[in-house]
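Student: First residue of the sequence shown: 0, per numbering that gives the first Met the number 0; consecutive thereafter.
One structure is given below, represented as C-alpha cells, and several questions about it will come after.
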Amino acid sequence: MIEGQKRREIILEELSKATKNVNATQLAEKFGVSRQIVVGDIALLRASGIDIVSNSRGYRLNKKSTGLLETKLAVKHRPDQVEEELRLIVKNGGTVVDVIIEHELYGEIKGTVDIKNDDEVTAFLNKVEQAHATLLSSLTDGIHLHTIQYPNEETLVKIKQALSQAGILLEENE
Numbered sequence: 000m001i002e003g004q005k006r007r008e009i010i011l012e013e014l015s016k017a018t019k020n021v022n023a024t025q026l027a028e029k030f031g032v033s034r035q036i037v038v039g040d041i042a043l044l045r046a047s048g049i050d051i052v053s054n055s056r057g058y059r060l061n062k063k064s065t066g067l068l069e070t071k072l073a074v075k076h077r078p079d080q081v082e083e084e085l086r087l088i089v090k091n092g093g094t095v096v097d098v099i100i101e102h103e104l105y106g107e108i109k110g111t112v113d114i115k116n117d118d119e120v121t122a123f124l125n126k127v128e129q130a131h132a133t134l135l136s137s138l139t140d141g142i143h144l145h146t147i148q149y150p151n152e153e154t155l156v157k158i159k160q161a162l163s164q165a166g167i168l169l170e171e172n173e
C-alpha cells in the first residue's frame, strides 16, 4: 500500500493527465485502498487549494483555461423534458456544467453534471433512472439554472433559440 502523500501526488498526476473523469473506485483498486480513502485524499487535495470538480462520473481538475465562454440560463420544464433540454444544449454546441436551484431553506443548491455530448446525456438519464433519483428541479416546480459553456456567441444564440422554441427557456416576459 502506498503512503498517503505519495498516493495524493499520483492522484493529482492522474487528474492532470485525464481527458475524462477519474473514477474513485478505480483509483481505490489501483492503490489497494477503500473508495472512502480516495474520497478523503480528494478532500485533502481540495483543502490544499487544488480545484477538483466531482460529478456522478468521478473527479476532474477544473481547468479554467478551456477557452470557452460561460453563462447561466434560467429554464423551466417538466421532468419528462429533461432529455429534450439536455440534448438541445449539447446538440447546439454547449456543455451543461451544472444545475442550480434556489431552495427556501438552504439557499442555492448546485449539482455538477458536466454533460458535453449525447452519450453523456444518455449516461446521466440512465443514472437518474437506476438510482430512482429526484431531480433538483422537482423541488422548484421545474425552475432552475444551468451554467453553460460554449465556444462563441453564435453558439449561445443557437442554444437559446432551441430552448425557447421548445418552451424550456425561462423568458423575461413570463
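Even for Gly, the Cβ is constructed at its ideal location relative to N, Cα and C.
Which whole runs of the beta strand (DSSP E) in the region 69–120 are 3 residues long or more, in chain order?
Tutor: As far as the region 69–120 is concerned, its whole beta strand (DSSP E) runs of at least 3 residues are 94–102, 106–114.
Student: Take the Cβ of N91 as the centre, count every other Cβ of all protein chains shown within 10 Å, and call the residue buried at 16 or more, exposed below.
Tutor: In the sequence shown, residue 91 corresponds to position 92, counting from 1. Result: buried.
Student: Any idea which residues DSSP pairs T146 with across the strands?
Tutor: Here residue 146 refers to the residue found at position 147 of the sequence shown. Answer is K71, D97, bridged to T146.
Student: Which value, in whole angstroms, describes the spacing of the CA atoms of L68 and I88?
Tutor: As a working mapping, residue 68 is identified with position 69 in the sequence shown. As a working mapping, residue 88 is identified with position 89 in the sequence shown. About 14 angstroms.
Student: Please report the distance separating the alpha-carbon of Q35 from that of D140.
Tutor: To locate residue 35, count along the sequence shown from 1; it is residue 36. To locate residue 140, count along the sequence shown from 1; it is residue 141. Each residue's alpha carbon lies about 35 angstroms from the other.
Student: Under 8 angstroms, with one C-beta from each stretch per pair, do the region 11–22 and the region 40–56 reach the 3-pair mark?
Tutor: Yes, the region 11–22 touches the region 40–56.
Student: By DSSP's criteria, I51 is part of a beta bridge. Which residues make up the other side?
Tutor: Position 52 of the sequence shown, counted from the first residue, corresponds to residue 51. According to DSSP, which records beta bridges pairwise, I51 is partnered with L60.
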